[in-house]
Amino acid sequence: MSWMAWTLPTAIFFAAVALSLVVMTVWERVSPSVARRGVLPMVTTRGDRFFIALLTAAFLHVLWLAFTDAPVVIASVLALVAGIALMRWG
Amino acid sequence: MPETMPDNRAWLGVLPVLLVVAFSAVIPLMTVVNYSVQDIFDVHTRLFVGFDWYRETLRDPRFLDALVRQLGFSAAVLALEVPLGILVARALPRDGRWVGVLLVLLAVPLLIPWNVVGTIWQLFARPDIGLLGRAVNELGIPFNYTAEPLHAWITLLMMDVWHWTSLVALLAFSGLTAIPGQCYQAAAMDGMSGVQVFRHVELPRLKSVLVIAVLLRLMDSFMIYTEPFVLTGGGPGNSTTFLSQYLTTMAVGQFDLGPAAAFSVLYFLVVLLLCWLFYTSVIAERGER
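Chains as they are written, first to last, in the numbering used here: chain A, 3 to 92; chain B, 486 to 774.
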């Protein structure tokens, strides 16, 4: 797999994404999601909110990198908080 | 929990497709992400640089200019092709022996390869030997798409309209033919004008096919490469250099694999966002959730 030019941070990132998909699948199996409407302007399932949280995290990082030189870890923490809020109240 | 678990074994049938997608899309995308955080010198010599390429790309005026041009081009394409496609579809007869002939004629531009379309328009619009360029100049209107950015944009948009309006027209036609005749009869009994029939009878029933048409044209125009490459080569200057062309120059021309990979990931994110927004709007429109 060396042709894929792996690095430890990207390996951890993709492992986390894969793990989260497995957790979401198991969670859905144990406790099926019910579509509901929260603060987001549409009805969402748990999977929808997770996808929106991932997309939000990606664009938070993009905006952070575009506009500031401050450590990216702050954007990651903000993305985590936003993700939890979206999953809970989205 | 429900009393009986749903039988989801049919999902196993999707497994082969999942494997093909993983092989052809997911693993290459993961590789691009890996490249985007490294400075690649050769296959065995790489240096981890974190988010540096992303930061550099996001602050690169050429990238931002190409992104703005790309968004402007896609917006113009949609603004021109969707209304024109609906107009063409409404003008077509719904039945009779000519319908088949007209539909085949409409489909002809869709069958022409992109590079051939670019070449046709490159010759057609040339101010010295092209029929269009020469005719416009003979009319006393100076036109030279190789030197004037505005003329290059007009030529590009005309070319795209020529190539792809048929797709919108065919989709809209399929939507129109699905409208029951009784709806038109009821509209006639109510004394509706042609505009009212379109507004209250046809447009609501066309919404689904139009969303598909808009999505297809948006995605395709957002990823356009071959036609502008053949027609203008991105010029004059950089006035018609869109994202894909700039990306190709970076990845293939300059062999800057790290920055090109970061560029690709950002490009992918924008496309993903647009797709999601459209998908969500379609779902919300249909009230499926």
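Every residue gets a Cβ at the ideal spot worked out from N, C-alpha and C, and that includes glycine.
Small disclaimer: the values here were computed from a predicted structure and weren't measured.
{"query": "Hey, is Trp761 (chain B)'s beta-carbon within less than 9 Å of any beta-carbon in chain A?", "result": "yes"}
{"query": "Helix, strand or coil for Leu532 (chain B), going by three-state DSSP, please let me know.", "result": "strand"}
{"query": "By the 10 Å Cβ neighbour count, where 16 or more other Cβ atoms means buried, how is Gln780 (chain B) classified, buried or exposed?", "result": "Shown here, chain B extends from 486 to 774; a query on residue 780 (chain B) therefore has no answer."}
{"query": "So, using beta-carbon positions, are Ala654 (chain B) and Gly570 (chain B) closer together than 9 Å?", "result": "yes"}
{"query": "For the beta strand (DSSP E) that Ile76 (chain A) lies in, which residues bound it at each end?", "result": "Per DSSP, Ile76 (chain A) belongs to no beta strand (DSSP E); it is in the alpha helix (DSSP H), Val74 to Trp91."}
{"query": "Show which residues of chain B have a CB atom less than 8 Å away from the CB atom of Val64 (chain A).", "result": "Tyr539, Leu543, Leu751 and Leu754"}
{"query": "Does the stretch 709-719 of chain B come close enough to the stretch 729-737 of chain B to have 3 or more Cβ pairs within less than 8 Å?", "result": "yes"}
{"query": "I'd like to confirm something about Leu497 (chain B): is its beta-carbon nearer than 8 Å to some heavy atom of the ligand SAH, or not?", "result": "As for the ligand SAH, it is missing from this structure, which has no ligand bound."}
{"query": "Starting from Asp777 (chain B), trace the alpha helix (DSSP H) in both directions and tell me its first and last residue.", "result": "Because chain B here runs from 486 to 774, residue 777 (chain B) falls outside it and cannot be looked at."}
{"query": "Closest to Leu757 (chain B) by CA distance: which of A:Ala68, A:Leu56, A:Asp71 and A:Val75 is it?", "result": "A:Leu56"}
{"query": "Name the chain B residues whose beta carbon is nearer than 7 Å to that of Trp8 (chain A)?", "result": "Asn519"}
{"query": "Please state if the CB of Arg690 (chain B) and the CB of Trp663 (chain B) are separated by a distance shorter than 9 Å.", "result": "Note on identity: in this sequence residue 663 (chain B) is Ala, with Trp being the wrong assignment. Yes; because the gap between Cβ atoms is below 9 Å, this pair is in contact."}
{"query": "Gly85 (chain A) and Gly40 (chain A): beta carbons closer than 9 Å?", "result": "no"}
{"query": "Could you tell me which whole alpha helix (DSSP H) segments of length 4 or greater appear in the stretch 26-79 of chain A?", "result": "48-69"}
{"query": "What does Met44 (chain A) touch in chain B if you count any residue whose Cβ is under 8 Å from its own?", "result": "Thr765, Ile768, Ala769 and Arg774"}
{"query": "Is the CB of Val528 (chain B) under 9 Å away from at least one CB in chain A?", "result": "yes"}
{"query": "Any C-beta of chain A sitting closer than 9 Å to the C-beta of Arg547 (chain B)?", "result": "no"}
{"query": "Would you decide whether Ala13 (chain A) is buried or exposed? Buried here means 16 or more other CB atoms lie within 10 Å of its CB.", "result": "exposed"}
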